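To start, the structure under review is shown below, and the notes come after it.
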Amino acid sequence: MQSKFEPKIGAVSSKQWSTLKGTEFPFSEHNYLNALEESSCVGEESGWLPCHLTLWEKKQLQGAVCLYEKYNGYGEYIFDWGWANAYEKHGLNYYPKLVSAIPFTPATGLKLLVHPEADTSNVRKKLLEEALLCMRSRNCSSLHFLFITAEELPVFESMGFLIRHSFQFHWKNNFYQDFDEFLGSLKRKRRKEIIRERRQIQQQMIKVEVLEGEAILVEHINYMYEFYLSTSEKKWGRPYLSKDFFSRIHQTMCNKLVLFLAYVDGDCVAGTINFKNGKCLYGRYWGCKGNFRSLHFELCYYQP
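With our numbering, the residue at position 19 of the sequence shown is 332, and numbering never jumps.
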């Protein structure tokens with residue numbers, strides 16, 4: 314198999330890329346990665362330099378890893394400032410480092426993307442070997458794979474990677490028929506809290522609209538971008554994503570988007586943008602103009 318390192322995802326056709334297992338994960342889709350690059354959300358300015366690893370057998374793509382040379386620790390959601398400080402104290406350079414992750418996206422998904430008809434074990438091993446060679450040839454301090462799946466864990470262990478454990482909270486639908494059945498599964502105190510919080514939405518005369526696919530218009534995406542900006546400015550000081558990025562995913566990934574928008578007297582006051590993959594929904598960004606009781610819970614948890 315021949316390996317290549319591509320500075321742009323566009324060097325691989327969308328058709329070839331989508332043949333790999335794991336690219337159905339919305340954040341590993343060709344359209345999503347391309348939107349990040351073409352909107353300049355990743356690149357020299359952000360400290361994320363794409364160097365995507367691909368493996369080929371003749372002209373057929375056998376495997377791939379989304380790789381980035383990183384020159385800072387921003388947008389990873391796995392914090393390694395302690396390691397960076399330790400390197401600095403010993404007169405060593407921690408950056409650049411080599412990272413396999415989806416920029417600005419702390420969602421768990423396959424990192425070793427393999428064609429379903431390929432020898433999975435062999436391709437995975439080859440991908441890791443080539444990634445390690447890339448790390449050394451580019452004088453990177455280290456190689457990191459973030460938010461890997463349990464399926465891939467044994468592969469990394471067998472190759473001598475150190476495993477770092479972290480926490481995420483995932484909600485699973487235990488075949489509830491409706492929201493009332495879910496409430497019935499809770500303890501009385503928590504059930505009363507949720508009922509009270511949802512009643513506050515009605516008392517504030519807030520109406521919620523759910524939009525998917527072609528029902529999502531440009532104006533709705535513009536609302537979401539403004540909400541995203543307001544949250545970014547409050548929490549992080551600088552937004553990672555641009556309006557161009559939002560426009561691109563709207564144009565190319567509309568079938569994967571779900572918006573929950575809140576209105577008061579016809580004015581859109583808050584919203585969330587989510588990505589769907591089969592029966593799984595990934596909540597990504599929320600924002601609000603004004604102060605409304607319990608609205609964050611309603612749009613981020615109860616409505617979905």
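Heads up, the beta-carbon is just placed ideally off N, CA and C, and yes, glycines get one too.
Quick caveat, the model's predicted, so the values are computed rather than measured.
Report back the beta-carbon spacing between residue i and residue j to the nearest angstrom; my notes put them in contact at under 8 Å.
i, j, result
"Y340", "A420", "Per the sequence presented here, residue 340 reads as Phe, with Tyr not at that position. Contact flag correct, Cβ pair sits at about 6 Å."
"P409", "L349", "No, P409 and L349 are not in contact; Cβ-Cβ is about 18 Å, not under 8 Å."
"V523", "Q616", "7 Å"
"I519", "L572", "Actually they do not touch by this definition, with Cβ atoms about 15 Å apart."
"D557", "S316", "Not confirmed; about 32 Å, so no contact."
"L570", "I586", "7 Å"
"L445", "L456", "6 Å"
"G388", "Y614", "The Cβ separation is near 24 Å, so there is no contact."
"E470", "K424", "The Cβ separation is near 14 Å, so there is no contact."
Using the three-state DSSP reduction, which class does residue i fall into: helix, strand or coil?
i, result
"V355", "coil"
"P363", "strand"
"S341", "helix"
"G473", "coil"
"H533", "helix"
"Q315", "strand"
"K589", "strand"
"E443", "helix"
"V325", "coil"
"F480", "coil"
"L333", "coil"
Taking all protein chains shown into account, do 16 or more other C-beta atoms lie within 10 angstroms of the C-beta of residue i, making it buried, or fewer, making it exposed?
i, result
"S359", "buried"
"V582", "buried"
"W361", "buried"
"H483", "exposed"
"L608", "buried"
"I476", "exposed"
"M448", "buried"
"Y345", "buried"
"Y598", "buried"
"G422", "buried"
"W330", "buried"
"L594", "exposed"
> Is the region 529 to 541 touching the region 554 to 573, taking contact as three or more C-beta pairs under 8 Å?
Replying inline: In short, these stretches touch, since the Cβ pair count reaches three.
> Can you give, in chain order, each stretch of the beta strand (DSSP E) that sits fully within the region 377 to 432 and has at least 3 residues?
Replying inline: The region 377 to 432 contains these whole beta strand (DSSP E) runs: 381 to 383, 410 to 413.
>> Would you call the region 396 to 407 in contact with the region 422 to 439, where contact means no fewer than 3 C-beta pairs closer than 8 Å?
In response: No, the region 396 to 407 does not touch the region 422 to 439.
>> Tell me whether the region 373 to 380 and the region 594 to 603 touch, counting them as touching only if at least three CB pairs, one residue from each stretch, are closer than 8 Å.
In response: Taking one beta carbon from each stretch, the region 373 to 380 and the region 594 to 603 have fewer than 3 pairs nearer than 8 Å; the two do not touch.
>> Three Cβ pairs or more, each shorter than 8 Å: is that satisfied between the region 318 to 325 and the region 358 to 369?
In response: Yes, the region 318 to 325 is in contact with the region 358 to 369.
> Using 8 Å as the Cβ pair cut-off and three pairs as the minimum, do the region 423 to 435 and the region 491 to 501 touch?
Replying inline: Segments in contact, no.
> Can you list, in chain order, the stretches of the alpha helix (DSSP H) that have 4 or more residues and sit fully within the region 490 to 575?
Replying inline: Listed in chain order, they are 492 to 497, 501 to 516, 531 to 548, 556 to 565.
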